[in-house]
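>
In the working numbering, the protein residues as written are 4 to 155.
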């Protein structure tokens with residue numbers, strides 16, 4: 004009986020499913036923090052944008068909340084210290100994950116890479132729903148132009 008108890012204890016603590024591996028889609032890459040994410044944004048085309056003021060943030064959330072009642076809350080950001088990086092993937096037939104990372108940085112420009120990865124489906128999917136995902140990242144404020152490269 005002790006042998007069985009010891010075996011179950013070892014099995015529980017050695018199970019790899021309980022450990023959370025650090026993946027390349029970790030939102031804390033290069034001081035970026037994933038602030039908001041949803042699968043329905045009402046944006047039908049791929050777009051990336053740097054948001055540096057409250058008015059632009061309100062405009063994006065008014066578009067996202069057109070068909071939602073009560074709607075997603077608009078995050079409160081100190082735009083004197085932080086900026087937001089918005090990635091809208093447009094129309095997708097399956098769930099996707101996004102990884103944003105800094106590629107290069109010079110005195111005038113910062114180049115960010117947006118990797119779009121397929122998310123594994125759980126079980127068998129017979130109907131393909133449409134997704135319009137967006138990812139909103141918070142980053143330290145920089146006075147440089149930010150450009151984006153999409154990598155599939």
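Just so it is clear, CB atoms sit at the ideal spot from N, CA and C, and this is done for glycine as well.
#1: With DSSP as the reference, label residue 30 as helix, strand or coil.
#2: Which residue or residues does DSSP assign as beta-bridge partners of residue 149?
#3: Mind checking residue 156: buried by the 16 CB within 10 Å criterion, or exposed?
#4: How would you label residue 130, buried or exposed, when you count the other beta carbons within 10 angstroms and need 16 or more for buried?
#5: How would you write the range of the alpha helix (DSSP H) that residue 82 sits in, first residue to last?
#6: Among the residues of its own chain, which have a CB less than 8 Å from the CB of residue 135, if the five just before and after it don't count?
#7: Report yes or no: do the stretch 96-112 and the stretch 140-150 share at least 3 C-beta pairs separated by less than 8 Å?
#8: Considering only their Cβ atoms, is the gap separating residue 116 from residue 99 smaller than 8 Å?
So, from the data block:
#1: Confidence at residue 30 is low in this model, with a pLDDT of 38, below 50, so the placement of that residue is unreliable and no value is reported for it.
#2: 113
#3: Within the shown structure, residues of the chain are numbered from 4 to 155, placing residue 156 beyond reach of any answer.
#4: exposed
#5: No alpha helix (DSSP H) contains residue 82, which DSSP labels as neither H nor E.
#6: 42, 43, 44, 45, 46, 47, 91, 92, 93, 94 and 95
#7: yes
#8: no
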